[in-house]
Amino acid sequence: MNRYSVFRLLAEGLGGHAGWRRAWRDPAPKASYDVVIVGGGGHGLASAYYLAKEHGVTNVAVLERGALGLGNTGRNTTIVRSNYLLPENNRFYEKSLRLWEGLEQDLNFNVMMSQRGVLNLCHSDSQRDQFARRGNSMRLAGIDAELLDREQVRAMVPILDFDNARFPIYGGLLQRRGGTARHDAVAWGFARAADSRGVDIIQNCEVTGIRVESGRVLGVDTARGYIAAGKVGIAVAGHTSHVAAMAGLRLPVESHILQAFVTEGLKPVLDCVVTFGAGHFYISQSDKGGLVFGGGLDGYNSYARRGTLPTVEHVWSEGVAMIPLLSRLRVLRQWAGVMDMTFDGSPLICKTPVQGLYLNGGWCYGGFKATPGSGWCFAHTIARDEPHELNAAMTIERFRDGAMIDEKGAGPFPWLH
Amino acid sequence: MHRITCPWCGPRDEIEFHYRGDATVSRPPAGAGAAAFYDYIYTRGNPLGWHLEWWAHAGGCRQWVKVLRNTATHEIKATGKAWDALNKPK
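The listed protein sequences derive, respectively, from chains A and B.
Here the first sequence stands for residues 3 to 419, numbered as in our numbering.
Here the second sequence stands for residues 49 to 138, numbered as in our numbering.
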């Protein structure tokens, strides 16, 4: 691998930047692999990387329909955190956050990990009580959490509307180790690091079928021919349902769209991630100055990668209730991603009823922060043919068995999570 | 923006409606067993394309409207009352 460093940058700068090589190869698919990962987003690439790094499994292909990271990896609001209530969630996301903390050194790639803090605002006494409970649950798991009062929040983020008539700010729950990372760089960094360990990353290679015989996976049909595989892992986010259906699976997943927005650039006004507690709204300021924000789902099944206007209005009105200066800003870009929503709002990293077929999906809209942890756990599950204890509860069977991981307590309605 | 034709009220903006999910699932008989109820509550076809679904006209007549809508394009092909059969285009 062409190692990146400041000295290398200086040397290349003096040489007119003519010596950089491509970051990963562009191999033709081989006839067979030990493991084929379907989906070249952050999760698929991270899975391949940790298969090679942690388990020595290097005869691996990652198959991507288009180009790397153009799905949800490039469509999120880049927030990284582990501030969950339920032990099944917070321990998993904390593992992921710890991997984030060492990711740049591990991958030799600048993912612009910025631990600027994630602050959840509360707007009532009962919500503050609930935040105290969640913070305590986090601290029991060894995760940092601080309950701030109103004046501490004001000192930290002065631009908020503290005396909004309907949603006055009572305080907040702060995770200082949370923050943001550069989403594209995460895909590229994992791709480059996996490639250097021998993983074949094959773009423009859509999977069109999964061959199963006697309950065991044999391989995948693709746009570039049949590829035999000892094991197949699915990591396709919003398209989980119909890729899994190729192997005859019917899942507790619906696809919904989530919109995100970036405003024109402005001088620094917000140096952490802030979320609105009276609705669903989260915002941070990018290094280029634009405010990056999003809200809840549009709320109907869709694969369209674009939203409708009632949600735009709703998200903006939440934002303006929290930060009035937003009303004077213009949005430069708006887009949507397709979310694989499960019926309890928590993910699936598990074996399936088909032997040799593994599933990584159901990320709802928490997928980006999970990228390294998801890849790490999925690699373990594939290599050992059994889950790690961190993802042991993230099964398909939990719905049948009544062991949901319902962080929000919303019940079996995917569009409410 | 979706414009949904309520069979009672006529064409209305989507903001008058609450989405209520897949209209192809139906409650199994009481003795059908846990597997049938698991399928009813939790598993969905989640098609990429034509989807038969419920929209409750909460801001209007409060009836549940059956809608045939394309999840790839947001095109609405047909709407009907709860007992109407809406056929998916070939």
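Glycine included, each C-beta is placed from N, C-alpha and C at the ideal position.
Remember, predicted model here, so these are calculated numbers, not experimental data.
What residues in its chain sit with their C-beta under 8 angstroms from that of residue i, if we drop five residues either side in the sequence?
| i | result |
| --- | --- |
| residue 81 of chain A | 120, 180, 181, 182, 275, 284, 286, 370 and 371 |
| residue 162 of chain A | 123, 155, 156, 171, 276, 324 and 325 |
| residue 103 of chain A | 115, 117 and 179 |
| residue 400 of chain A | 346, 406 and 407 |
| residue 22 of chain A | 4 and 14 |
Kindly indicate the opening and closing residues of the alpha helix (DSSP H) around residue i.
| i | result |
| --- | --- |
| residue 14 of chain A | 8 to 16 |
| residue 367 of chain A | Per DSSP, residue 367 of chain A belongs to no alpha helix (DSSP H) and is neither H nor E. |
| residue 314 of chain A | 311 to 324 |
| residue 91 of chain A | 89 to 103 |
| residue 295 of chain A | Where residue 295 of chain A is concerned, there is no enclosing alpha helix (DSSP H), although the beta strand (DSSP E) it sits in stretches over 292 to 303. |
| residue 44 of chain A | 44 to 57 |
| residue 244 of chain A | 242 to 247 |
| residue 208 of chain A | From DSSP, residue 208 of chain A is part of no alpha helix (DSSP H); its letter is neither H nor E. |
| residue 153 of chain A | 152 to 158 |
| residue 89 of chain B | 82 to 90 |
| residue 399 of chain A | 399 to 402 |
Between which two residues does the beta strand (DSSP E) carrying residue i extend?
| i | result |
| --- | --- |
| residue 59 of chain B | 58 to 61 |
| residue 190 of chain A | First-last for residue 190 of chain A: 185 to 198, but that is the alpha helix (DSSP H), not the beta strand (DSSP E). |
| residue 343 of chain A | 333 to 344 |
| residue 145 of chain A | It is not in any beta strand (DSSP E) - residue 145 of chain A carries neither H nor E in the DSSP assignment. |
| residue 28 of chain A | Taken as a continuous stretch (DSSP letters only), residue 28 of chain A belongs to no beta strand (DSSP E), as it is neither H nor E. |
| residue 68 of chain B | 66 to 70 |
| residue 275 of chain A | 275 to 278 |
| residue 283 of chain A | 283 to 287 |
| residue 234 of chain A | 227 to 236 |
| residue 177 of chain A | 173 to 177 |
Roughly how many angstroms lie between the CA atoms of residue i and residue j, to the nearest whole one?
| i | j | result |
| --- | --- | --- |
| residue 98 of chain A | residue 111 of chain A | 17 angstroms |
| residue 310 of chain A | residue 300 of chain A | 7 angstroms |
| residue 57 of chain A | residue 385 of chain A | 7 angstroms |
| residue 172 of chain A | residue 157 of chain A | 13 angstroms |
| residue 129 of chain B | residue 59 of chain B | 14 angstroms |
| residue 272 of chain A | residue 146 of chain A | 21 angstroms |
| residue 126 of chain A | residue 168 of chain A | 10 angstroms |
| residue 83 of chain B | residue 253 of chain A | 13 angstroms |
| residue 344 of chain A | residue 256 of chain A | 6 angstroms |
| residue 16 of chain A | residue 377 of chain A | 38 angstroms |
| residue 415 of chain A | residue 73 of chain A | 24 angstroms |
| residue 365 of chain A | residue 18 of chain A | 43 angstroms |
| residue 65 of chain A | residue 130 of chain A | 46 angstroms |
| residue 349 of chain A | residue 342 of chain A | 9 angstroms |
| residue 136 of chain B | residue 315 of chain A | 32 angstroms |
| residue 177 of chain A | residue 72 of chain B | 43 angstroms |
| residue 192 of chain A | residue 8 of chain A | 20 angstroms |
For residue i, which residues in the same chain have their Cβ closer than 6 angstroms to its Cβ, ignoring the five residues on either side in sequence?
| i | result |
| --- | --- |
| residue 333 of chain A | 263 and 265 |
| residue 69 of chain A | 205 |
| residue 408 of chain A | 346 |
| residue 116 of chain A | 181 and 182 |
| residue 2 of chain A | Examination of residue 2 of chain A is not possible in this model, given that chain A is present from 3 through 419 alone. |
| residue 329 of chain A | 322 |
| residue 308 of chain A | 338 |
| residue 92 of chain B | 70 |
Closer than 7 angstroms to a non-hydrogen atom of the ligand ADP - does that hold for the CB of residue i?
| i | result |
| --- | --- |
| residue 282 of chain A | This structure lacks the ligand ADP; in fact it carries no ligand of any kind. |
Quick one: residues in its chain with C-beta nearer than 7 angstroms to the C-beta of residue i, no 5 flanking neighbours on either side, listed in chain order?
| i | result |
| --- | --- |
| residue 57 of chain B | 105, 108 and 109 |
| residue 96 of chain B | 119 and 120 |
| residue 187 of chain A | 111, 112, 113 and 114 |
| residue 245 of chain A | 40, 209, 236 and 238 |
| residue 374 of chain A | 48, 98, 101, 102 and 105 |
| residue 132 of chain B | 114 |
If the cut-off is 9 angstroms on Cβ atoms, which residues from the stretch 96 to 115 of chain B count as contacting chain A, listed in chain order?
96, 97, 99, 101 and 103
Give me the subset of the stretch 301 to 320 of chain A whose CB atoms are less than 7 angstroms from a CB atom of chain B, sorted by chain position.
301, 302, 303, 304, 305, 306, 310, 311 and 312
If contact means a Cβ-Cβ distance below 7 angstroms, which residues of the stretch 323 to 349 of chain A contact chain B?
345
Along the stretch 73 to 99 of chain B, where does the CB come closer than 8 angstroms to a CB of chain A? Name the residues.
82, 83, 86, 87, 89, 90, 91, 92, 93, 94, 95, 96 and 99
Taking a Cβ distance cut-off of 7 angstroms, strictly less, list which residues of the stretch 242 to 263 of chain A are near chain B, in chain order.
243, 244, 252, 253, 254, 255, 256 and 257
Using a Cβ-Cβ cut-off of less than 9 angstroms, give me the residues of the stretch 126 to 155 of chain A that come near chain B, in sequence order.
none
Do the stretch 215 to 224 of chain A and the stretch 354 to 370 of chain A touch if we need at least three Cβ pairs shorter than 8 angstroms?
yes
How do the stretch 70 to 90 of chain A and the stretch 334 to 353 of chain A stand: do at least 3 beta-carbon pairs fall below 8 angstroms, yes or no?
yes
Would you call the stretch 131 to 140 of chain A and the stretch 290 to 305 of chain A touching, i.e. three or more CB-CB distances under 8 angstroms?
no
Along the stretch 117 to 132 of chain B, what residues have a CB closer than 7 angstroms to any CB found in chain A?
119, 120, 121 and 122
Would you call the stretch 41 to 58 of chain A in contact with the stretch 86 to 96 of chain A, where contact means no fewer than 3 C-beta pairs closer than 8 angstroms?
no
Using a Cβ-Cβ cut-off of less than 8 angstroms, list which residues of the stretch 374 to 408 of chain A approach chain B; keep chain order.
401 and 402
Any chance the stretch 222 to 232 of chain A sits against the stretch 28 to 45 of chain A, with 3 or more Cβ pairs inside 8 angstroms?
yes
Can we say the stretch 27 to 34 of chain A touches the stretch 187 to 206 of chain A, given the rule of at least three CB pairs closer than 8 angstroms?
yes
Going along the stretch 53 to 66 of chain B in order, which residues come within less than 7 angstroms of chain A, judged by CB to CB distance?
62 and 63
Against chain B: residues of the stretch 79 to 104 of chain A by CB proximity under 9 angstroms
none
Below 7 angstroms between beta carbons is the criterion; list the residues of the stretch 158 to 192 of chain A that meet it against any residue of chain B, in chain order.
none
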